[in-house]
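These notes are about the structure you will find just below.
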Amino acid sequence: MEKRVEYSIDQENKIINRCFCGKINLQDNIDSWNELFENVDFSTINGVLNDFTKAELTMELDEIYILLKFLNEKLLNLSKVKLAVISLKPEIIVFPTLAQNDFPNLKIRPFSTREAALNWLIN
624 MEKRVEYSID
634 QENKIINRCF
644 CGKINLQDNI
654 DSWNELFENV
664 DFSTINGVLN
674 DFTKAELTME
684 LDEIYILLKF
694 LNEKLLNLSK
704 VKLAVISLKP
714 EIIVFPTLAQ
724 NDFPNLKIRP
734 FSTREAALNW
744 LIN
């Protein structure tokens with residue numbers, strides 16, 4: 624499967640939809656976030672839906688912490704922004720679970736369905 628990271632913006636709900644396909648590593652993830660931070664005014668965004676259902680995350684635990692630290696610093700002044708992570712794979716679900724414990728300022732939660740993630744992001 625070809626590696627891809629795509630995003631679109633739901634203007635009505637003020638949510639960024641990110642979809643990951645293929646093998647995704649730390650640099651892919653950070654590059655994708657940097658592109659968003661350069662092109663999107665996050666002060667107008669309520670949440671980011673990160674769909675990893677078609678992806679394999681090839682990150683070690685220490686790399687997950689690098690990503691979480693990066694997000695924590697970038698979103699520090701954007702406390703209203705919620706991050707939803709959709710996956711059924713334990714190696715991906717660990718990412719938001721660790722964040723909830725170690726980075727309490729990040730509003731991040733794991734979900735198994737798009738509908739549940741959207742419901743949380745909107746409300």
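All letters in the sequence shown, in the order written, are residues 624 to 746 by the numbering used here.
Backbone N, C-alpha and C fix where the C-beta goes; we use that ideal spot for every residue, glycine too.
None of the values given here were measured: they were computed from a predicted structure.
Let me make sure I understand the geometry here. Which of the options has the alpha-carbon closest to that of residue i?
i	options	result
R737	A722, K692, L706 and V717	L706
F734	D651, V671 and L698	V671
Q650	E686, D664, N636 and I709	E686
T681	I647, N695, D664 and L711	I647
I716	L741, N728, S655 and L684	L684
N695	V708, I639 and N728	N728
Given this structure, state the Cα-to-Cα distance separating residue i from residue j, to the nearest angstrom.
i	j	result
C644	I653	15 Å
L701	I632	17 Å
L721	K677	21 Å
N636	L744	9 Å
L659	R641	10 Å
L711	N673	13 Å
K730	Q723	7 Å
F675	K626	12 Å
N657	L741	23 Å
E629	E679	15 Å
V708	S655	15 Å
F693	Q634	25 Å
Measure how close the beta-carbons of residue i and residue j come, nearest whole angstrom, since I'm counting them as under 8 Å.
i	j	result
P719	R732	6 Å
F665	L691	Between L691 and F665 the Cβ distance is about 17 Å, and since that is not below 8 Å, they are no contact.
K697	N669	Incorrect: roughly 16 Å between the Cβ atoms, too far for contact.
I689	V663	No, I689 and V663 are not in contact; Cβ-Cβ is about 22 Å, not under 8 Å.
Using DSSP bridges, identify the partner residues of residue i.
i	result
A707	L672 and R732
V663	According to DSSP, V663 bridges with nothing at all.
L680	I647
I638	D633 and G670
V628	F643
Under a Cβ-count criterion, where at least 16 other Cβ atoms within 10 Å of its own Cβ denotes burial, should residue i be classed as buried or exposed?
i	result
L699	exposed
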